[in-house]
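Just so we're on the same page, UniProt numbering is the position in the sequence shown counted from 1, plus 251.
Written below as structure tokens is the structure these notes are about.
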Amino acid sequence: ELGGYAHFMEKEIFEQPTALENTMRGRFSEDGSTAQFGGLNISAVDLRQVDRVHLLACGSAWHACLVTEHLIERFARLPVEVDYASEFRYRNMPLGSNTLFFTISQSGETIDTLAGMREAKRKGYKVLAVSNVVGSTIAREADGGVYQHVGPEIGVASTKAFTSQILIGAMLSLYLGRMRDMSFSEGVEVVNALKGTPDLVRKVLEQAPRIREIAKRFAHYHDFLFLGRLSLFPVALEGALKLKEISYIHAEGYPAAEMKHGPIALISENCPSVFFVPSGEMFNKVVSSMQEIKARKGKIIAIATANCDLPAGLADEVITIPECHESVLPVVATVPVQLLSYYIAVELNRDVDKPRNLAKSVTVE
Ligand code: F6R
């Protein structure tokens, strides 16, 4: 069953190129300028009326919602609200009339997400679902949705399901964007970028042996920070969650610029930081955040795109990821932190597929 891998988590990390191909199969328009979905059960006319999107989920799926928020805002210019499903249920917030709800749930059985979805339906809203399990409760109760098609995820820590969720988030953002201001040629550019994701992920996976070496050197720290900005902030949260779940090492994710507002007090030679460093508008800002950490003797692992010109000696370790379009960057940047957490947990002899205190699907409130 493991097909030569040591754990399901490892297998599922390495399955991602194929999993992502399966998520995309048949889901681009013939003219190659937008995404298409068979099961949304909502007409283009109705979707065009939507003026706000509300996303509900828990855990990693909530991180996927945060990435999706960023992409919907970028591509469709629609306001987006992201809630922990467990909080939405009790918040009783004022809602608009043309809001579309989306839940994201790998298992389709998470009770908090289900309860949040039922609350939105009770208030008279359409709720669509992204799920990996065909016929799951959430998929059945939703008004429509998108299946992930990544095959069963057995490792408790979500990996291929998470990257597939953010890929679907990007495809939905493209679809909503093309109904609004996004031009044909920009749509073609995004479609081509999305189609290239599996190969980019393959390139990152080739670096597994090096990431394993880095993991060995960093496995004995007790605290980590994961720092990223914009769409990579949720990826930082995801990296911290992966490390916590399977290695039991304390880790926190922050937008890099928030460090100076408090968390930088944690930095010493005993608390390393994992920085996401994309080229482009945020590059200089992220570099100055790295310098602040370095000045306090914090060790740095940088996950940087290939075209970044990082000042020599700033990072203790650099993991290079391919240059890529903003729509696929969060997927590509996730893979190194999955591998890093996985190899750290292996180094510490943790029960990677069945970490203590956790279950694959959380069916109690
Ligand atoms: C983390 C993880 C959990 C789930 C969360 C929601 O690795 O797997 O945080 O993401 O429990 O689960 P689903 O997506 O099944 O609703």
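Positions of the beta carbon are idealized from the N, C-alpha and C atoms, including for glycine.
These numbers were taken from a predicted model, which means no experiment stands behind them.
Where residue i falls, given that 16 or more other Cβ within 10 Å makes a residue buried
i, result
"Tyr426", "buried"
"Asp282", "exposed"
"Thr614", "exposed"
"Asp297", "exposed"
"Ser539", "exposed"
"Leu271", "buried"
"Pro268", "buried"
"Ser358", "buried"
"Phe469", "buried"
"Val486", "buried"
"Pro345", "exposed"
"Phe435", "exposed"
"Asp334", "buried"
"Ala566", "buried"
Cβ separation of residue i and residue j, assumed to be a contact under 8 Å, to the nearest whole Å
i, j, result
"Leu445", "Val579", "6 Å"
"Leu483", "Phe527", "4 Å"
"Ser519", "Lys548", "6 Å"
"Gln399", "Ser415", "4 Å"
"Ala315", "Ile417", "5 Å"
"Ala507", "Gly479", "7 Å"
"Asn292", "Gly420", "Going by Cβ atoms, the distance from Asn292 to Gly420 rounds to 19 Å, so no, they are not a contact pair."
Sequence-distant residues of its chain with Cβ nearer than 6 Å to residue i (five each side left out)
i, result
"Arg340", "Ala366, Gly367 and Glu370"
"Ser530", "Thr556, Asn558 and Cys559"
"Ser382", "Ser356, Gly359, Ile389 and Ala390"
"Lys495", "Ala502"
Alpha carbon of residue i to alpha carbon of residue j, nearest angstrom
i, j, result
"Pro403", "Gly447", "23 Å"
"Arg342", "Val331", "17 Å"
"Gly504", "Val569", "19 Å"
"Glu532", "Leu481", "11 Å"
"Ala257", "Gly406", "12 Å"
"Ser337", "Phe353", "14 Å"
"Ala380", "Glu392", "9 Å"
"Ser280", "Asn443", "12 Å"
"Lys374", "Met275", "32 Å"
"Asn600", "Ile465", "16 Å"
"Arg463", "Ile551", "16 Å"
"Leu488", "Lys372", "29 Å"
"His321", "His471", "34 Å"
"Asn273", "Ser424", "19 Å"
"Asn349", "Ser311", "27 Å"
Neighbourhood of residue i by C-beta distance below 7 Å, restricted to the same chain and skipping five residues each side
i, result
"Ala596", "Ile497, Ser498 and Val603"
"Lys493", "Ala408, Val588, Gln589 and Ser592"
"Val455", "Ile572, Val583, Val586 and Pro587"
"Val439", "Gly283 and Ser284"
"Met422", "Arg278, Ala286 and Leu445"
"Thr361", "Cys309, Ser612 and Val613"
"Glu543", "Met510, Lys511 and Ile515"
"Gly289", "none"
Contacts around residue i, its chain only, beta-carbon distance under 8 Å, and the 5 residues preceding and following it disregarded
i, result
"Leu329", "Val301, Asp302, Arg303, Val304, Ile323, Leu427 and Arg431"
"Pro514", "Leu476, Glu503 and Tyr505"
"Ile264", "Thr410, Lys411, Leu456, Val586, Gln589, Leu590 and Tyr593"
"Glu574", "Ser530, Thr556, Ala557 and Asn558"
Self-check item: alpha helix (DSSP H) runs contained entirely in the region 483-509, provided each spans 4 or more residues
Solution: 483-498
Exercise. Kindly provide the ranges of any alpha helix (DSSP H) runs that are 4 or more residues long and lie completely inside the region 503-568, ordered along the chain.
Key: 534-545
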